[in-house]
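*Asks:* My questions will all concern the structure given below.
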Amino acid sequence: MKKRAKQTVAKGLVINSNKSPHKKQKYIEYDYEGLFNQSMEDWDEFFVEQLLKMGRTRCVYATKEIYAGNQLEIEIYPEFTRKQAETLYIRQVDKKQQQENQKKLNSRNSRKKFWRLCEHNFHNGDFWITLTYAKEPEGIEEAVGNMQKFIKNINGKRRRRGLPNAKYLYVTEEVSEDGEVVRVHHHLFMDSMMDLDTVMKTWKHGGRNECRRVEKDEDGISGAAAYTAKEKADTRRKKYKKRWNGSKNLEKPPEKKHHQTKEKDIRRMVRDRGYIEQYVKNTRLRSGKKRYDGYTYSHSSVYFNDFNARFYIRIRMRREGGDDYVPH
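My numbering puts the first residue of the sequence shown at 12, with every later residue one more than the last.
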């Protein structure tokens, strides 16, 4: 007789402890960040306890680790089978649509992908440039074409100097910081292997251009990246347009996913925010080595979805002294 796969069940939460090599549950990929809708900051203890008793369907919790430069993001979120997802009206990710949405910076996920690429590929001293126009282009498509020509000319000059093609990420937009439609402009991150004077002189469209150097703080490059990819109310203005483009030589931040975060630890993180720092500081791999050795806790957030009664935990850590760490 086949042994049943073991599961740990506690008040609606299920964490897989199935070690059988035969049958493994398949969990769908979905936009989990698009589902949580309430931050649990400052919620009182009694209310949190009531939430922990809820749970409208069983699930497992996944832990995803994203290593972007010297920043480490840890995301703990529920996963569902296809049948469970249908019950909860959770849609599986459409890969093609997801890629298109990410280029438009119109979702939390797309802005985070932009930030992670910035964090992983650009360093202190690299360029953060704003390029504008003396004569307004006819539309955002023409503006993107201007940027493509600019990048082509930059790479031509670099090749003549024996330099590789530029690493870059840029956003083309026609909306100001306060959400008003303004003149088309570009925000550009670029490596600093070629001198700044040559880079700026390559832009042939005039305007009031500005260049700053990347300066990472304890949150890395997030301030500059957040400004560049700032969130706006897309639904308010039909004219609102924003797109980003990046070079092909950008390195993708390494990611790992596992199901080793125990149910008792998830529940304790929800109850006690201070426990999150304690947990990431002391949790260990099966080898006995600290899982996040060399990283320092920065901050964390706990969110709740009032439809599926599930918790979502986000943790940020940073590595001191270098961007080249490879995950365990």
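Cβ atoms here follow ideal geometry from the backbone N, Cα and C, with glycine treated the same way.
#1: Leaving out five residues on either side along the sequence, give the residues of the same chain with a beta carbon under 6 Å from the beta carbon of residue 268.
#2: Quick check: what's the CA-CA separation for residue 325 versus residue 220?
#3: When DSSP labels each residue in this structure, what does residue 296 get in the three-state scheme?
#4: Determine, for residue 78, whether the minimum Cβ-Cβ distance to residues of chain D falls below 7 Å.
#5: DSSP three-state call for residue 281: helix, strand or coil?
#6: Hey, how far is the Cα of residue 255 from the Cα of residue 139?
#7: Give the secondary structure of residue 82 by DSSP, where H, G and I count as helix, E and B as strand, and everything else as coil.
#8: Which of the three DSSP states, helix, strand or coil, is assigned to residue 109?
#9: At what residues does the alpha helix (DSSP H) containing residue 325 begin and finish?
#10: Thinking just about the alpha-carbon of each residue, which of 130, 199, 120 and 313 is nearest to the one in residue 229?
#11: Would you check if the distance between the CB atom of residue 82 and the CB atom of residue 231 is smaller than 7 Å?
#12: Counting C-beta neighbours from all protein chains within 10 Å, is the total for residue 249 16 or more, i.e. buried, or is it exposed?
#13: State the CB to CB distance for the pair residue 280 and residue 306, rounded to an integer number of angstroms; the pair is presumed to be in contact (CB under 8 Å).
#14: Under the DSSP definition of a beta bridge, which residues are partnered with residue 196?
#15: Helix or strand or just coil, what does DSSP make of residue 231?
#16: Buried or exposed, going by whether 16 or more other CB atoms sit within 10 Å of the CB of residue 304?
#17: Rounded to a whole number of angstroms, what is the C-alpha to C-alpha distance between residue 184 and residue 276?
#18: If you draw a straight line from the C-alpha of residue 321 to the C-alpha of residue 288, how long is it?
#19: If we call anything under 7 Å between Cβ atoms a contact, is residue 3 one with residue 224?
#20: Once DSSP output is grouped into helix, strand and coil, what is the label at residue 315?
#21: Which residues mark the beginning and the end of the alpha helix (DSSP H) in which residue 207 is found?
#22: Report buried or exposed for residue 80, applying the criterion of at least 16 other Cβ atoms within 10 angstroms of its Cβ.
#23: Label residue 121 either buried or exposed according to how many other C-beta atoms from any shown protein chain fall within 10 Å of its C-beta, with 16 as the threshold for buried.
#24: Compare the Cα-Cα distances from residue 89 to each of 313, 330 and 286 and report the closest residue.
*Replies:* The short version:
#1: 73 and 75
#2: 37 Å
#3: coil
#4: Looking for chain D here will not work: only one protein chain is present.
#5: The answer is helix: DSSP assigns residue 281 an H, G or I state.
#6: 14 Å
#7: strand
#8: In this prediction, residue 109 has a pLDDT of 47, which is less than 50 and means its spatial position is unreliable; nothing more can be read from the coordinates.
#9: Not the alpha helix (DSSP H): residue 325 falls in the beta strand (DSSP E), residues 321–330.
#10: 130
#11: yes
#12: Residue placement at residue 249 is poorly supported in this model, since its pLDDT is 40, which falls under 50; the coordinates still yield a value, given next. Residue 249 is exposed by the Cβ-count criterion.
#13: That pair is no contact at about 17 Å.
#14: 184
#15: strand
#16: exposed
#17: 43 Å
#18: Roughly 21 Å separates the two Cα atoms.
#19: The requested residue 3 does not occur in the structure, where the chain is confined to residues 12 to 339.
#20: strand
#21: Residue 207 -> alpha helix (DSSP H) spans 207–213.
#22: Buried, by the Cβ-count rule.
#23: Residue 121 comes out buried.
#24: 313
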